[in-house]
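Number of protein chains: 2
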Amino acid sequence: MMVAAGRRAMMMEETRAKLIRAARKAFAAKGYATASMDELTAEAGLTRGALYHNFGDKKGLLQAVIDQIDAEMVERARAARDQADDPWLAFLAECVAYIEMALEPEIQRILLLDGPAVLGDPSQWPGQNACLRTTTQTIRTLIDAGRVRPVDAEAAARLVNGAALNAALWIAASDDPRAVLGRAVEAFRCLAGGLLRPGDEPTIPERDGGGYRQADPGGKVGH
Amino acid sequence: MMVAAGRRAMMMEETRAKLIRAARKAFAAKGYATASMDELTAEAGLTRGALYHNFGDKKGLLQAVIDQIDAEMVERARAARDQADDPWLAFLAECVAYIEMALEPEIQRILLLDGPAVLGDPSQWPGQNACLRTTTQTIRTLIDAGRVRPVDAEAAARLVNGAALNAALWIAASDDPRAVLGRAVEAFRCLAGGLLRPGDEPTIPERDGGGYRQADPGGKVGH
DNA sequence: CAATTGGCATACGTGGCGTATGTCATGAGG
DNA sequence: CCTCATGACATACGCCACGTATGCCAATTG
Numbered sequence: 001m002m003v004a005a006g007r008r009a010m011m012m013e014e015t016r017a018k019l020i021r022a023a024r025k026a027f028a029a030k031g032y033a034t035a036s037m038d039e040l041t042a043e044a045g046l047t048r049g050a051l052y053h054n055f056g057d058k059k060g061l062l063q064a065v066i067d068q069i070d071a072e073m074v075e076r077a078r079a080a081r082d083q084a085d086d087p088w089l090a091f092l093a094e095c096v097a098y099i100e101m102a103l104e105p106e107i108q109r110i111l112l113l114d115g116p117a118v119l120g121d122p123s124q125w126p127g128q129n130a131c132l133r134t135t136t137q138t139i140r141t142l143i144d145a146g147r148v149r150p151v152d153a154e155a156a157a158r159l160v161n162g163a164a165l166n167a168a169l170w171i172a173a174s175d176d177p178r179a180v181l182g183r184a185v186e187a188f189r190c191l192a193g194g195l196l197r198p199g200d201e202p203t204i205p206e207r208d209g210g211g212y213r214q215a216d217p218g219g220k221v222g223h
Numbered sequence: 001m002m003v004a005a006g007r008r009a010m011m012m013e014e015t016r017a018k019l020i021r022a023a024r025k026a027f028a029a030k031g032y033a034t035a036s037m038d039e040l041t042a043e044a045g046l047t048r049g050a051l052y053h054n055f056g057d058k059k060g061l062l063q064a065v066i067d068q069i070d071a072e073m074v075e076r077a078r079a080a081r082d083q084a085d086d087p088w089l090a091f092l093a094e095c096v097a098y099i100e101m102a103l104e105p106e107i108q109r110i111l112l113l114d115g116p117a118v119l120g121d122p123s124q125w126p127g128q129n130a131c132l133r134t135t136t137q138t139i140r141t142l143i144d145a146g147r148v149r150p151v152d153a154e155a156a157a158r159l160v161n162g163a164a165l166n167a168a169l170w171i172a173a174s175d176d177p178r179a180v181l182g183r184a185v186e187a188f189r190c191l192a193g194g195l196l197r198p199g200d201e202p203t204i205p206e207r208d209g210g211g212y213r214q215a216d217p218g219g220k221v222g223h
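Residue numbers (the working numbering), protein chains in the order written: chain A, 1 to 223; chain B, 1 to 223.
In structure tokens:
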């Protein structure tokens with residue numbers, strides 16, 4: 001009997017997943033305000049009844065979508081960070097990964113534009129934005145290791161995240177995203193260097209031409 | 001006859017001003033999406049007819065409001081910049097001024113949250129966001145003067161603006177805005193120092209306790 | 001003085017959100 | 001085996017807000 005009870009729960013999760021999937025597409029394509037819940041649920045093979053039953057209201061659905069995207073981003077940032085062995089370069093790789101991720105229309109539209117406008121400041125979200133917390137932790141580790149100046153880790157993380165976020169918005173809106181991405185990353189490396197303790201600059205290889213390691217060669221920037 | 005023609009134009013500008021004034025209050029208080037055009041216009045002593053006649057649609061009104069706020073911010077930033085004599089300190093003063101301005105609910109809600117969500121990336125706005133352009137020019141001047149590294153001025157301005165913006169969001173959402181403001185400004189000074197050419201760091205006085213010059217002592221942060 | 005133009009108000013249609021109500025399947029209890 | 005309660009979801013309704021079409025009045029033109 002209890003084994004059968006799992007059936008309903010599984011179905012429940014399945015419908016939630018279907019709604020979130022449809023919502024991600026609709027929110028990314030038309031924006032939160034313009035996206036219709038009727039079309040949303042219809043594409044998922046359901047009605048608004050299922051939506052209000054599972055998520056409460058439209059904002060609840062957006063929150064669920066954001067939580068899912070946020071979790072995926074943390075994982076991707078961790079992967080980028082783990083490919084570098086030097087802690088400072090790992091931090092830079094993590095930041096660049098965020099910039100590149102923010103180029104995807106889905107992340108940009110939902111997480112960076114509509115998210116804050118509808119749900120308020122990201123640091124207050126129930127999903128407690130894992131992105132920000134991992135960045136804070138990364139910086140704290142660098143401070144403890146003596147690599148960066150003893151600044152407020154949370155403040156630095158907010159600033160760095162904001163810079164990366166705005167860079168991504170700028171890049172995506174430009175005519176030539178690839179070229180602008182290079183310019184932004186170069187400036188970002190320079191700016192982030194301000195966190196380093198004096199005497200540690202050599203860890204940033206001064207590359208000419210603004211070249212940088214490309215993490216996602218076949219990226220979906222243009223679309 | 002032509003002298004009388006100015007009458008209508010003046011009335012026109014008056015109604016536009018009244019609508020923009022009411023819109024600023026309504027958008028700041030309830031947010032763009034929730035603000036009702038009927039209530040808006042009623043408070044201005046008009047109806048939606050005047051609104052659609054003057055601004056086309058709701059987004060047009062938001063655009064007009066944003067242009068006005070943007071212009072005011074540029075002026076305030078310039079005032080803050082002119083109080084410092086050293087170019088680098090003037091740049092920092094300008095940035096800190098932006099952070100402090102972004103603490104005001106009106107600017108935060110309208111310009112930082114709803115603006116990008118409704119109208120898209122600020123760099124594409126018709127009002128061509130004077131804020132960003134003046135910051136870009138300030139950085140360019142610093143580069144020409146040999147004070148900062150030869151980075152892409154526009155890219156740096158975008159990053160710096162993004163950092164300041166996000167800092168403000170964080171501060172305003174916190175429990176103790178005043179204290180968090182201090183932490184943010186300290187971290188910001190540190191980060192911005194990354195733009196300086198090596199050897200110029202002494203221009204940043206290393207103040208302990210995170211103190212910084214307060215530009216607006218009686219500010220309206222808490223409200 | 002007649003006619004036209006323009007600024008603004010009024011009236012209407014449409015669409016979308018939220019809620020209340022209904023329906024069917026599943027599991028519990030006698 | 002039968003009945004009832006619960007929960008997942010669909011259906012139906014009301015409300016609100018935007019955008020547009022239409023109407024009115026003053027000012028200007030000839």
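For every residue, glycine included, the Cβ atom is placed at its ideal position computed from N, Cα and C.
The structure presented is a predicted model; accordingly, all values stated were derived computationally and were not measured.
With DSSP as the reference, please indicate the residues paired to residue i in a beta bridge.
i: residue 103(A); result: Answer is none; residue 103(A) lacks a bridge partner.
i: residue 89(A); result: In the DSSP output, where bridge partners are listed per residue, residue 89(A) has none listed.
i: residue 148(B); result: 196(B)
Tell me whether residue i is buried or exposed, calling it buried when 16 or more other Cβ atoms sit within 10 Å of its Cβ.
i: residue 137(B); result: exposed
i: residue 104(A); result: buried
i: residue 186(B); result: buried
i: residue 34(A); result: exposed
i: residue 101(B); result: buried
i: residue 14(A); result: exposed
i: residue 162(A); result: buried
i: residue 202(B); result: Confidence at residue 202(B) is low in this model, with a pLDDT of 49, below 50, so its placement is unreliable and the value that follows should be read with caution. Residue 202(B) is exposed by the Cβ-count criterion.
i: residue 193(B); result: buried
i: residue 124(A); result: exposed
i: residue 83(A); result: exposed
i: residue 126(B); result: exposed
i: residue 12(A); result: exposed
i: residue 116(B); result: buried
i: residue 56(B); result: exposed
i: residue 183(B); result: buried
i: residue 42(A); result: exposed
i: residue 150(B); result: exposed
i: residue 86(A); result: exposed
i: residue 175(B); result: exposed
i: residue 197(A); result: exposed
i: residue 213(B); result: Model confidence at residue 213(B) stands at a pLDDT of 48, short of 50, so the residue's coordinates are unreliable; what they give is reported in the following sentence. Classification for residue 213(B): exposed.
i: residue 144(A); result: exposed
Relative to the C-alpha of residue i, which candidate in the options has its C-alpha closest?
i: residue 152(B); options: 168(B), 195(B), 48(B) and 129(B); result: 195(B)
i: residue 139(A); options: 125(A), 16(A) and 94(A); result: 94(A)
i: residue 131(A); options: 53(A), 51(A), 81(A) and 18(A); result: 81(A)
i: residue 46(A); options: 16(A), 35(A) and 118(A); result: 16(A)
i: residue 146(A); options: 108(A), 174(A), 199(A) and 158(A); result: 199(A)
i: residue 114(B); options: 150(B), 66(B), 89(B) and 129(B); result: 66(B)
i: residue 97(A); options: 154(A), 190(A) and 79(A); result: 79(A)
i: residue 134(B); options: 22(B), 90(B) and 61(B); result: 90(B)
i: residue 28(A); options: 110(A), 123(A) and 83(A); result: 110(A)
i: residue 61(A); options: 108(A), 112(A) and 118(A); result: 118(A)
i: residue 31(B); options: 126(B), 18(B), 58(B) and 142(B); result: 58(B)
i: residue 70(B); options: 99(B), 107(B) and 19(B); result: 107(B)
i: residue 64(B); options: 21(B), 112(B) and 148(B); result: 21(B)
i: residue 40(B); options: 174(B), 92(B) and 25(B); result: 25(B)
Between which two residues does the alpha helix (DSSP H) carrying residue i extend?
i: residue 116(B); result: 115-119
i: residue 63(A); result: 58-82
i: residue 109(B); result: No alpha helix (DSSP H) holds residue 109(B); DSSP gives it neither H nor E.
i: residue 46(A); result: No alpha helix (DSSP H) contains residue 46(A), which DSSP labels as neither H nor E.
i: residue 161(B); result: 153-173
**Request:** Tell me, please, whether the segment 169-180 of chain B touches the segment 68-77 of chain B by the rule of three or more beta-carbon pairs shorter than 8 Å.
**Result:** The answer is no - the segment 68-77 of chain B does not touch the segment 169-180 of chain B, with fewer than three Cβ pairs under 8 Å.
**Contact between the segment 155-171 of chain B and the segment 165-174 of chain A (3+ Cβ pairs under 8 Å)** = Touching, per the Cβ criterion.
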